[in-house]
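Quick note, the sequences are listed as chains S and W, same order. Residues in the first sequence are numbered from 20 upward in steps of one, following my numbering. Residues in the second sequence are numbered from 9 upward in steps of one, following my numbering. Even for Gly, the Cβ is constructed at its ideal location relative to N, Cα and C. Computed from a predicted model, the values in this text were never measured in an experiment. Step one of this worksheet: look at the structure below.
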Amino acid sequence: MFDDDDILNAAREGFIEEARDMLAQLEQGLLALEADPADAEAMNVAFRAAHTIKGTAGLFGYDAVVAFTHEAESLLDAMRSGDVGLSDPIMAALLQSRDQIGQLMAEVDQAAGDPAVAETSRVLGQTLRALRGEGGQAGAGAGAAAADAADADAEADADAGDAASGLWHLSIRMGQDALRNGLDPLSFIRYLDRFGSVTGIRTLQRVPDLATLDPEDCHLGFEIRYRSDADRARIEQVFEFLAEDASIRILAPDAAPEDYEALLAEREAGGDGRDGLLSLWQALAGPGERPFIERRKADPDTDRRSSAVDDRRTGTADRRAGHAGGGEDARFVRVRADKLDHLIDLIGELVIASSGAELVARTEQSPRFSEVALRIHDLVQEARDGALGLRMVPIGETFARFHRVVRDVSKQLGKDVELQISGGDTELDKSMVETIADPLMHLVRNSLDHGVESPAVREAAGKPAQGRLGLHAYHESGSIVIEVSDDGKGLDRDRILAKAIEKGLIAPDLELTDEQVYPLIFLPGFSTAEAVTNLSGRGVGMDVVKSNVESLRGQITVASQPGRGATMQIRLPLTLAMIDGFLTSVGPVSYVLPLAVVAECIDVPAECRSQPERTCGTFDLRGEVLPYVDMSLFYGHAPAGGRRSLVVVRDGPTRIGLVVDRLHGEHQTVIKPLSPIFRHLKAVSGSTILGSGEVALVLDVQGLMQHATRAVAASRSLPRAAGTGVAAPSHGHPQA
Amino acid sequence: MSSDTRPDLSSGGARFDAGLRQYLCLALRDEMVAVPIDCVREILEVGRLTVLPGTPDFVCGVLNLRGAVVPVIDVAARMGAVPCQVGKRSCIVVVDVRSGEDRRADILGVLVDAVFEVVDLDGDALEPVPGFGNAWPAEFLAGMVRVRAQPVPVLDLGAALAPEVLATLIADAA
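Laid out in structure tokens, this is it:
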């Protein structure tokens with residue numbers, strides 16, 4: 020069983036997640052509008068986003084978010100209806116509002132908000148209202164009070180006059196699934212108190228017999244008398260999120276007896292139920308009021324008025340339908356991440372089971388069985404690719420956020436920078452996208468701040484005044500490469516050196532190549548900015564970027580040409596639940612290499628065979644000298660006799676040879692994480708289960724190369740025992 | 009010994025708060041030890057293990073436990089004994105080890121030299137560990153119980169197999 024807090028927390032997380040998407044949509048809509056003010060769809064997207072945030076925040080009682088978002092939404096609404104035209108101040112204020120909503124969202128979990136944030140809400144809210152053309156009114160009284168973020172009641176007062184004050188009648192029948200869908204009727208009723216007061220309420224329950232009772236069903240209904248000055252649209256808005264899960268009828272204070280009659284007929288077809296409901300209404304209204312049905316038509320206008328009300332309602336309904344159909348949401352299904360993970364786990368088991376079936380088919384030597392097994396294998400492979408694709412998101416969504424960053428930061432710095440994006444459709448795992456966004460942000464800001472020069476400097480240097488910042492993504496040999504490049508002044512070798520020496524990070528008398536100097540910027544505590552700006556240059560940046568990237572088993576490298584620009588390259592592994600692997604065996608252990616890193620397989624070259632005791636050495640591959648590692652010796656397995664092979668693997672630009680005992684060919688590999696106790700093992704990134712049930716280890720080629728380099732470096736400093744070369748100790752490898 | 013000063017055995021599994029506690033008796037090298045039964049998931053024959061390169065002696069390898077890859081630890085070697093020679097009576101005892109703040113259970117296989125029996129003992133039969141003279145370091149013992157009048161040390165699996173400590177030991181060996 021969950022308790023309420025769990026449910027609420029889960030719902031709140033969903034809300035925050037959704038709000039984040041909505042904020043991104045709002046921003047994209049606004050930026051699209053800036054580019055093309057006539058873009059009606061962008062306008063709608065922005066408005067819908069603001070509207071949804073407000074609505075959902077209201078459900079959770081985040082008053083500050085609701086009150087502030089309301090201002091932004093109103094301005095957007097005015098723009099949408101053409102009352103207000105787009106201008107630079109409006110765009111600036113709206114973008115600022117988007118950030119402010121983000122701020123408010125960030126503090127929804129805190130009991131007391133930051134007063135500075137509340138103050139910003141107030142000031143910005145006033146700006147928004149002024150831009151909407153209510154500046155005069157806002158100063159006058161009620162409007163100004165409404166600006167107080169927490170004071171939603173005041174806002175309601177400001178709306179006075181929209182409708183005659185009076186007693187509304189609300190009749191609500193909850194749908195069976197309302198509770199299951201996480202809708203708590205009480206919260207809606209409480210919310211009513213914001214725009215008026217509930218003068219009477221009766222709860223109806225139609226609980227079926229115990230035998231047919233489903234305890235998770237909702238059997239509640241409410242009849243509510245509600246005194247409010249709010250107009251119908253506002254009251255309807257309260258129940259907007261309930262609309263699908265309940266039947267809601269709202270009768271205006273001026274509703275005709277026929278309306279009540281119709282409602283009565285709808286709720287209770289006749290007989291006792293009808294009388295019961297009527298007397299309940301009467302009790303609800305109190306003795307002072309005239310009977311509902313007997314109130315005869317006193318005003319000939321009533322018909323017209325109620326039909327006008329109907330029209331208004333139809334209008335609202337249409338608009339709501341427009342929301343559902345017009346948004347992009349319709350094309351997506353929101354799925355819980357754990358359900359997806361479970362599916363992927365299952366498909367992983369299926370992959371293993373299918374290779375087991377294939378193995379049996381081969382050993383049974385039954386051609387028909389083999390054929391069927393092969394067919395299953397193909398289908399499973401397709402299912403695997405499809406399932407994995409579900410977790411993959413294109414990085415373009417992350418890149419798109421940087422339009423705003425580049426726009427704001429370059430304006431702030433007085434620079435003119437164009438953002439060029441390519442490879443936005445390169446897909447990577449969703450969890451990686453989330454982790455990589457922050458480091459990217461830092462790199463982009465760094466480039467804008469330190470890389471790209473001001474227009475004057477650029478022109479003096481003979482470059483176009485407009486700078487260029489590039490975000491590129493592509494796949495390369497089993498990795499995803501993300502590049503942040505600029506055409507600015509490049510890294511300043513001398514300043515980096517001077518700074519590193521000043522901070523005591525390197526010895527002053529070292530002779531370093533450019534390739535050795537540039538990576539110094541990734542050292543903790545390094546910052547070259549003369550003045551600390553609020554953009555970058557706090558010296559906590561690049562080392563954090565580096566550790567973030569490394570936490571994803573990635574690498575970051577920097578390349579720079581003085582006066583031409585710099586490129587930061589992030590290389591991430593495709594850490595997926597499943598990969599195409601290449602199965603080899605070394606001694607008694609099977610190792611899987613990611614197929615994407617395997618360049619070719621050759622016989623063990625003569626150079627290696629002539630020195631069988633050497634763990635590492637070099638060999639000649641068609642005129643190119645490459646290093647190799649003898650895996651048996653490196654891992655301390657007794658080398659198998661017979662024909663061994665050498666697998667040439669790539670790690671970015673470098674290639675090395677791995678001498679293995681046997682090649683078993685391609686293998687669909689379901690990566691099973693190793694126990695956390697093995698998380699420090701460098702060269703093994705996971706494990707997998709072969710069709711035979713045996714556990715195979717997945718090699719991390721990058722880690723293996725680092726390990727081998729260190730091991731060899733260490734072995735060089737050791738005195739070499741005659742005849743044994745650098746053979747590893749019995750259990751493991753040379754001490755690093 | 010009053011119940012409130014009793015060492016917390018729940019580090020090895022869920023607390024079984026009845027009058028009786030069950031212990032599994034097993035052999036580590038030539039010594040009999042007991043572990044609370046509630047942390048034992050199953051007992052397996054020593055099957056095919058995949059050796060992990062570059063790990064210390066106490067890591068026997070990993071095992072395919074119905075689709076999950078489970079590390080197997082030679083707990084005696086972990087506590088300082090010579091590595092196990094797998095013999096006819098050797099077994100792998102699959103246990104839950106709870107550790108860390110969230111008390112998350114890690115599944116580990118423990119290589120033991122023999123498995124004997126399950127004994128029922130009074131819930132408060134646990135006696136304190138003698139100051140010295142133990143076959144195993146006292147930090148890995150939860151107490152002593154008497155099985156047929158013989159004192160038998162009770163292993164504190166949570167201490168002997170603490171994942172954080174194992175991870176550090178494995179990192180140091182790599």
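Contact check, residue i vs residue j, beta carbons under 7 Å
{"i": "residue 453 of chain S", "j": "residue 411 of chain S", "result": "no"}
{"i": "residue 498 of chain S", "j": "residue 592 of chain S", "result": "yes"}
{"i": "residue 537 of chain S", "j": "residue 579 of chain S", "result": "yes"}
{"i": "residue 709 of chain S", "j": "residue 702 of chain S", "result": "no"}
{"i": "residue 45 of chain S", "j": "residue 117 of chain S", "result": "yes"}
{"i": "residue 120 of chain S", "j": "residue 88 of chain S", "result": "yes"}
{"i": "residue 585 of chain S", "j": "residue 510 of chain S", "result": "yes"}
{"i": "residue 605 of chain S", "j": "residue 680 of chain S", "result": "yes"}
{"i": "residue 152 of chain W", "j": "residue 172 of chain W", "result": "no"}
{"i": "residue 689 of chain S", "j": "residue 704 of chain S", "result": "no"}
{"i": "residue 564 of chain S", "j": "residue 422 of chain S", "result": "no"}
{"i": "residue 207 of chain S", "j": "residue 261 of chain S", "result": "yes"}
{"i": "residue 467 of chain S", "j": "residue 428 of chain S", "result": "yes"}
{"i": "residue 35 of chain W", "j": "residue 164 of chain W", "result": "no"}
{"i": "residue 98 of chain S", "j": "residue 71 of chain S", "result": "no"}
Buried or exposed by the 16-neighbour rule on C-beta atoms within 10 Å, applied to residue i
{"i": "residue 634 of chain S", "result": "buried"}
{"i": "residue 245 of chain S", "result": "buried"}
{"i": "residue 550 of chain S", "result": "Unreliable placement is indicated for residue 550 of chain S, whose pLDDT of 43 sits below 50; the coordinate value is still reported in the next sentence. With fewer than 16 Cβ atoms within 10 Å of its Cβ, residue 550 of chain S is classed as exposed."}
{"i": "residue 353 of chain S", "result": "exposed"}
{"i": "residue 140 of chain W", "result": "exposed"}
{"i": "residue 721 of chain S", "result": "buried"}
{"i": "residue 450 of chain S", "result": "exposed"}
{"i": "residue 493 of chain S", "result": "exposed"}
{"i": "residue 319 of chain S", "result": "Model confidence at residue 319 of chain S stands at a pLDDT of 44, short of 50, so the residue's coordinates are unreliable; what they give is reported in the following sentence. Classification of residue 319 of chain S: exposed, given that the 10 Å Cβ count is below 16."}
{"i": "residue 188 of chain S", "result": "buried"}
{"i": "residue 22 of chain W", "result": "Note on residue 22 of chain W: pLDDT 42, under 50, position unreliable in the model; no value is reported."}
{"i": "residue 44 of chain W", "result": "buried"}
{"i": "residue 296 of chain S", "result": "buried"}
{"i": "residue 225 of chain S", "result": "exposed"}
Interface partners of residue i on chain S, CB under 7 Å
{"i": "residue 174 of chain W", "result": "696"}
{"i": "residue 56 of chain W", "result": "713"}
Residue interval of the alpha helix (DSSP H) (run including residue i)
{"i": "residue 200 of chain S", "result": "Note, residue 200 of chain S: premise wrong, no alpha helix (DSSP H); not H, not E."}
{"i": "residue 535 of chain S", "result": "533-536"}
{"i": "residue 260 of chain S", "result": "Residue 260 of chain S -> no alpha helix (DSSP H), and no H or E assigned at all."}
{"i": "residue 285 of chain S", "result": "276-286"}
{"i": "residue 137 of chain S", "result": "134-148"}
Host beta strand (DSSP E) of residue i (start-end)
{"i": "residue 124 of chain W", "result": "122-130"}
{"i": "residue 587 of chain S", "result": "584-592"}
{"i": "residue 191 of chain S", "result": "185-193"}
{"i": "residue 637 of chain S", "result": "635-640"}
{"i": "residue 222 of chain S", "result": "215-224"}
Within chain S, the residues that residue i reaches when beta carbons sit closer than 9 Å
{"i": "residue 48 of chain W", "result": "Going along chain S, no residue has its Cβ under 9 Å from residue 48 of chain W, so there is no contact; the nearest lies around 18 Å."}
{"i": "residue 159 of chain W", "result": "Within 9 Å Cβ-Cβ: nothing; residue 159 of chain W doesn't reach chain S, min ~31 Å."}
{"i": "residue 114 of chain W", "result": "694, 695, 696"}
{"i": "residue 193 of chain W", "result": "Nothing in the structure corresponds to residue 193 of chain W, since chain W is present only between 9 and 182."}
Any non-hydrogen atom of the ligand COA within 6 Å of residue i CB
{"i": "residue 140 of chain S", "result": "This structure simply doesn't include the ligand COA, nor any ligand for that matter."}
Beta-carbon neighbours of residue i, restricted to chain W and to distances below 9 Å
{"i": "residue 569 of chain S", "result": "Simply none; closest approach about 16 Å."}
{"i": "residue 654 of chain S", "result": "59, 61, 62"}
{"i": "residue 703 of chain S", "result": "60, 61, 62"}
{"i": "residue 378 of chain S", "result": "Within chain W, no residue comes near residue 378 of chain S; the closest Cβ sits about 14 Å away, beyond 9 Å."}
Cross-chain neighbours of residue i in chain W, by beta carbon under 8 Å
{"i": "residue 706 of chain S", "result": "58, 70, 77"}
{"i": "residue 368 of chain S", "result": "75"}
Chain S residues whose Cβ lies nearer than 8 Å to that of residue i
{"i": "residue 171 of chain W", "result": "694, 695, 696"}
Proximal chain W residues relative to residue i, where beta-carbon distance stays under 7 Å
{"i": "residue 607 of chain S", "result": "59"}
CB contact check: residue i to chain A, cutoff 7 Å
{"i": "residue 691 of chain S", "result": "No chain A appears in the structure shown, which is made up of the protein chains S and W."}
**OP:** Could I get the ranges of all uninterrupted alpha helix (DSSP H) runs contained in the segment 35-87 of chain S, with 4 residues as the minimum, in chain order?
**Re:** 59-78
Subject >> Unbroken stretches of the beta strand (DSSP E), 3 residues or longer, contained in the segment 11-98 of chain W >> reply: 28-36, 39-44, 48-53, 67-73, 76-82
Original post:
Can you list, in chain order, the stretches of the alpha helix (DSSP H) that have 4 or more residues and sit fully within the segment 655-700 of chain S?
Top reply: none
**OP:** For the segment 431-483 of chain S, list the alpha helix (DSSP H) runs that are entirely contained and at least 4 residues long, ordered along the chain.
**Re:** 449-465, 474-479
Original post:
Where are the beta strand (DSSP E) runs, 3 residues long or more, that stay fully inside the segment 343-427 of chain S, in chain order?
Top reply: 411-413
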